[in-house]
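Below is one structure, written out as structure tokens; the observations come after it.
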Amino acid sequence: MKTLIIGASGQLGLELSSLFPEAVKTYSSFEIPGGVKLDVTDFPRLEDLILKVRPDAVINASAFTDVDGCEKDRQKAIKVNAEAVKHIVRASRVVEAYVVHVSTDYVFDGERGLYSELDLPHPINYYGLSKLLGEAYALSYDDSLVVRTSGVFRHKGFPTFVYKTLKSGNVVN
């Protein structure tokens, strides 16, 4: 199966890349070996890449995840987290690729927790709203799946560092 991972240099994208070593991978800021540099807000280039690669599946792990940054730059939040998804779906329809779109639990207000796919979203910030719009674009395509994540961390990431440091009796600065 030919897979395209958009946003392969992010935290989740790096893990997905290890699971799909033969995938075509894109990056924006942090170069990855063999990756294709891509700004997901360059919509013609984004669509052209999908049309050129002709993947069986597109995994969209790209996002503007800075919650405060999304409040400050709402236009960027919408372009990256919603409009890019619309263009991913448009090109994926042409090549009949399955779309897996990674979203977030920020589409909920956090009042309850332990949400399911049956719960109605209620974002309380622009990050959550922009991701919810991206979900709507993804789900407008029958051959799509939305995966909502919560607190994505890598095994060697910051939470593991904090845990090991505190467990050993040291102070985290």
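Numbering of the sequence shown is given in our numbering, commencing with residue 13 and proceeding in unit increments.
Each residue gets a CB set at the ideal place from its N, CA and C atoms; glycine is no exception.
Residue i: which of the options sits nearest, CA to CA?
{"i": "Thr53", "options": "Val112, Val97, Ser142", "result": "Val97"}
{"i": "Asp155", "options": "Gln87, Arg105, Val65", "result": "Arg105"}
{"i": "Ser142", "options": "Asn93, Gln23, Gly122", "result": "Asn93"}
{"i": "Arg102", "options": "Glu59, Glu27, Val65", "result": "Glu59"}
{"i": "Val111", "options": "Arg66, Cys82, Gln87", "result": "Arg66"}
{"i": "Val158", "options": "Ser115, Pro133, Gly125, Glu123", "result": "Ser115"}
{"i": "Ala109", "options": "Ala150, Glu95, Gly81, Leu31", "result": "Ala150"}
{"i": "Glu95", "options": "Phe76, Leu63, His134", "result": "Phe76"}
May I have the straight-line CA-CA distance separating residue i from residue j, to the nearest angstrom?
{"i": "Glu147", "j": "Asn182", "result": "42 Å"}
{"i": "Val36", "j": "Arg160", "result": "23 Å"}
{"i": "His113", "j": "Lys84", "result": "24 Å"}
{"i": "Lys91", "j": "Ser128", "result": "27 Å"}
{"i": "Lys14", "j": "Val107", "result": "12 Å"}
{"i": "Arg231", "j": "Asn137", "result": "An answer regarding residue 231 cannot be provided, because it is not within the stretch 13 to 185 covered by the chain."}
{"i": "His99", "j": "Ser180", "result": "48 Å"}
{"i": "Asp78", "j": "Gly25", "result": "16 Å"}
{"i": "Asp29", "j": "Ile44", "result": "The sequence shown places Ser at residue 29, not Asp. Their backbone Cα atoms lie some 10 Å apart in a straight line."}
{"i": "Thr38", "j": "Ser152", "result": "24 Å"}
{"i": "Arg124", "j": "Tyr118", "result": "12 Å"}
{"i": "Glu27", "j": "Pro33", "result": "10 Å"}
{"i": "Leu132", "j": "Leu126", "result": "13 Å"}
{"i": "Cys82", "j": "Pro135", "result": "13 Å"}
Since residue i and residue j should fall inside the 8 Å C-beta cutoff, what is the C-beta to C-beta distance between them, to a whole number of angstroms?
{"i": "Ala89", "j": "Tyr139", "result": "6 Å"}
Does the beta-carbon of residue i have 16 or more other beta-carbons within 10 angstroms, so that it is buried, or is it exposed?
{"i": "Lys49", "result": "exposed"}
{"i": "Phe120", "result": "buried"}
{"i": "Leu144", "result": "buried"}
{"i": "Gly46", "result": "exposed"}
{"i": "Leu130", "result": "exposed"}
{"i": "Ser41", "result": "exposed"}
{"i": "Gly22", "result": "buried"}
Comparing the CB of residue i with every heavy atom of the ligand NAD, is any distance shorter than 7 Å?
{"i": "Val119", "result": "As for the ligand NAD, it is missing from this structure, which has no ligand bound."}
query: Is the segment 60 to 72 close to the segment 16 to 26, with three or more CB pairs under 8 Å?
result: yes
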